[in-house]
Amino acid sequence: MERLIFHIDVNSAFLSWESARRVSQGLPEKMWPLPVRNLLFLGKASEQKLLNQGIRTIGDLAREREANVQLWLGEKPEHR
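Residue numbers for the sequence shown follow full-length UniProt numbering, beginning at 1 and rising by one.
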């Protein structure tokens with residue numbers, strides 16, 4: 001059996017974790033005011049369905065119940 005040996009630089013790991021934490025904390029402030037059309041892979045038809053439900057921003061979508069969004073947009077397609 002082959003053994004894998006690698007060294008973890010604790011300082012680098014902490015800094016990476018801390019950076020990710022800071023970015024995720026600022027995410028709502030930066031992303032939520034943006035229009036839903038800015039979401040990657042959201043087409044015009046899906047955007048219109050969301051607009052019809054009063055969902056105009058990414059924040060509106062983030063606060064909505066997942067079950068409602070699935071009802072409005074349908075189930076996500078299987079990726080192959």
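The beta-carbon is built from N, C-alpha and C at its ideal position, and this holds for glycine as well.
For clarity, every value in this text was computed on a predicted model and none was experimentally measured.
Between the CA atoms of residue j and residue i - distance to the nearest angstrom
| i | j | result |
| --- | --- | --- |
| T22 | Q48 | Position check: residue 22 holds Arg in this sequence, whereas Thr was assumed. Spanning the two alpha carbons is a distance of roughly 33 Å. |
| F41 | V69 | 15 Å |
| N52 | L73 | 11 Å |
| A45 | L27 | 26 Å |
| G43 | L50 | 11 Å |
| E29 | R65 | 20 Å |
| W32 | E75 | 23 Å |
| A67 | Q25 | 25 Å |
Identified DSSP bridge partners for residue i
| i | result |
| --- | --- |
| P33 | The partner list for P33 (beta bridge, DSSP) is empty, contrary to what the question assumes. |
Residue j beta carbon less than 8 Å from that of residue i
| i | j | result |
| --- | --- | --- |
| I55 | L34 | no |
| L61 | V36 | yes |
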